[in-house]
Amino acid sequence: MASATTLSVPSQASAAQVAAGFGLSHAWTSFEPLAADPSTLASATNSTQTFELLQQRWNATGTTEATNAAWVADPFDGGNDAAVLRVAYPADSRDGAQFSMAVLDRDAGVQTALLKYEVAFDSGFSWIRGGKLPGLYGAAPGASSLCSGGQHQSSCFSARLMWRNRGAGEVYAYIPTYPGFCSQSDVTCNDDYGTSLSRGAWTFSRGSWTTITQLIALNTPGVANGLLYVWANDSLTLAHTGIPWRTNSSVALTSVFFSTFFGGSDSSYNSEGGSSFFRRFEVYSSTQPSNTSGPAVEATFDGTSSSSVDLLQPSPTSRLVPLALLVVGLLQLLSH
1 MASATTLSVP SQASAAQVAA GFGLSHAWTS FEPLAADPST LASATNSTQT FELLQQRWNA
61 TGTTEATNAA WVADPFDGGN DAAVLRVAYP ADSRDGAQFS MAVLDRDAGV QTALLKYEVA
121 FDSGFSWIRG GKLPGLYGAA PGASSLCSGG QHQSSCFSAR LMWRNRGAGE VYAYIPTYPG
181 FCSQSDVTCN DDYGTSLSRG AWTFSRGSWT TITQLIALNT PGVANGLLYV WANDSLTLAH
241 TGIPWRTNSS VALTSVFFST FFGGSDSSYN SEGGSSFFRR FEVYSSTQPS NTSGPAVEAT
301 FDGTSSSSVD LLQPSPTSRL VPLALLVVGL LQLLSH
């Protein structure tokens, strides 16, 4: 199988340095509330207050429910006076939290984006079999779909991160595939759910912050020249230069998909309790796609099905409300 052009990218670099190297412009930086602010303290027992702060500080969109999330003092960095977002995972469940962060200009047709954030886990966190973490998301204008929960759509893609057993990291993507793609040693495909890219490329830590930098450059439809890179604590850990992110040129990078829960599609993934913590999001972007070469391919979506979910204008009658902070009971839909 032909391969895409291999780029020279820095093995050690901050998010800002990577963005500069790819010619990306700063798009957005999160602004966490002060930990001592009364409104922050109120979020510990008031899910509506939690989501209002997410709307104000993290450009979150959707409902006002945030049952498993709260703004708390930083448990790992005593010098940080800003709050961090804690997501609790109730024991014997796969519950978590989910919403969209509207941090990219949907009208600009963003073709390359970089997402940076910091994530931490309790010092005694049990990884079990795995769980989801935030990543970049793309969709076509007016797309009525959500690329998650077994829904493979030509109008969108998702590129969440995952932790696996023992904290092994990967990118977990809902993308089309082509002959030969799934036979690569660092690609694990699943016709019903997502595709695992470079499983175990890095390891998440307990009791301390891990800085994640994810870069995606969209492919030319019909060509496998999409880019995917991940730096963990500023060290390059994952590099793919032949990703078929899209088959439709109207699909662009649109948001950050904040999605975290245990799963997995069955009770063997159930949490033993514990929490994750998030802070310091940054996003950079460009309207230029990947300009590397790659093989001409016919990428397809196995098990493609339709969805009634509108990523731009969530319907109050939708069975699954996207772009909302969802504290499950919905994990049958988003279990994988």
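Heads up, the sequence shown is in the UniProt record's numbering, so the first residue is 1 and it goes up one at a time. Glycine included, C-beta positions come from ideal geometry on N, C-alpha and C. Owing to the predicted nature of the structure, the values given are computational and were not obtained by experimental measurement.
Here His240 is buried, its C-beta having at least 16 other C-beta atoms within 10 Å. Residue state for Gln98 is assigned as strand, using DSSP reduced to three classes.
A distance of 8 Å or more separates the beta carbons of Ala120 and Thr48.
Contact between Leu236 and Ser8 does not hold, since the beta-carbon distance rounds to 11 Å and is not under 8 Å. In this structure, Leu115 keeps its C-beta atom at 8 Å or more from the C-beta atom of Val251. A straight line joining the alpha-carbon of Trp71 with that of Val84 spans about 6 Å. With fewer than 16 neighbouring CB atoms inside 10 Å of its own CB, Gln56 falls in the exposed class. For Gln214, the enclosing beta strand (DSSP E) has its first and last residue at 210-217.
With a cut-off of 8 Å on Cβ pairs, the segment 206-225 is in contact with the segment 283-294, counting three or more such pairs. Rounded to the nearest whole angstrom, the C-alpha separation of Phe125 and Asp77 is 18 Å. The Cβ neighbour count for Asn219, taken over all protein chains shown within 10 Å, is at least 16; the residue is labelled buried.
Note on Pro134: 16 or more other CB atoms within 10 angstroms of its CB, so buried under the neighbour-count rule. Counting C-beta atoms within 10 angstroms of its own C-beta, Ser30 has 16 or more neighbours from the protein chains shown and is therefore classed as buried.
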